[in-house]
Every structure is written in C-alpha cells, then in structure tokens.
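Enquirer: One point on numbering: in the numbering used here, the residue at position 28 of the sequence shown is 8, and numbering is uninterrupted. Cβ atoms here follow ideal geometry from the backbone N, Cα and C, with glycine treated the same way. Sending over a structure as structure tokens; questions will come in a sec.
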Amino acid sequence: MISKYPKIECKFELSQRQKDHLGYSNELFLANIANFLNVTLKKTRENTSFPQYRLRTSSLESNLKLVNYLNEFPLFGSKFLDYNNWKEILSLFNPRFKYTQDNIDRVLNLKADMNDNRTIFI
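Written out as structure tokens, the structure is:
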C-alpha cells in the first residue's frame, strides 16, 4: 500500500573523517558527542580513501538535548541558519508530527533551503 504522505523525519547527522589533518583519530571526541546525545557512533565509507564516523539523532529526546546545547553554544554563518530551519522543523515534531498538508509543505520548504540549497544568508 502506498502512503498518501511522504515519510517525514527530523534527525540531525554529523559526519567527520576518521583521522584529522595530522593523522590523529577523531573517534574520541565524536564518541563523547555521541555519548552526550545518547546515540551510536558508526564507521562509514570504510572501503574508500576517506573513511568517516557518523552519529545521528533520531529521537525527540536526543534532538531536544542537541537544541539545548546549540542554544547555549551557537553555530555561526550558514550552519546557524540551517540549524534554525532544523529547529523549526523539530518544533512540528514536539510532541508528535501531525500529517497535515500545511505541516508537510512547511517541512519541505524549510528543507529545500538548507545546506547546499541555501541562497539567503541573512
């Protein structure tokens, strides 16, 4: 059965190379972040020239913990603007996402302006 609505999720993903520019592992500090957010740190792209670590929030609890942290220690530039879009989407999930056309359209519009698609930087 095909759903009437697209799958809408609110999660945050952080990917970093496994070794820094000096050849030291990034695992320890990423493991600390993963532990703080109560998520799993995974190895990705293992068979490439640029293996990475990835952590991903998927629960409302870990997302709200991240919001509390980033409200106290904010990002800058376009990352801050992307975060504001993400936080607005998260507000639609607190406490539970309602599949109304207005909410779906709002999420899709906010997502369309994030990351490489961002054209407004004010």
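#1: Can you tell which of T37, S5, H1 and Y33 has the C-alpha that lies nearest to the C-alpha of F16?
#2: Hey, how far is the Cα of T24 from the Cα of Y63?
#3: Where does S29 sit, in a helix, a strand or coil, going by DSSP?
#4: Using three-state DSSP, classify R98 as helix, strand or coil.
#5: How many Å lie between T99 and L21 at the Cα?
#6: Specify the secondary structure class of F16 as computed by DSSP and reduced to three states.
#7: Measuring CA to CA, which of N83, N65, E41 and L8 is closest to N97?
#8: Helix, strand or coil: which one does DSSP assign to K(-13)?
#9: Along the chain, where does the beta strand (DSSP E) that runs through S(-5) open and close?
#10: Are the Cβ atoms of L40 and L70 separated by less than 9 Å?
#11: Just reading off the beta strand (DSSP E) that K22 is part of, what are its end residues?
#12: Going by the CB atoms, is the gap between I13 and L35 shorter than 9 Å?
Expert: Inspection of the coordinates gives the following:
#1: T37
#2: 24 Å
#3: coil
#4: The DSSP-derived three-state label of R98 is coil.
#5: 32 Å
#6: For F16, the three-state secondary structure derived from DSSP is helix.
#7: Among N83, N65, E41 and L8, the Cα nearest to that of N97 is on N65.
#8: coil
#9: It spans F(-8) to R(-3) - the beta strand (DSSP E) in which S(-5) sits, taken as one unbroken run.
#10: yes
#11: L21 to T24
#12: Against a cut-off of 9 Å, the Cβ pair of I13 and L35 comes out as a contact.
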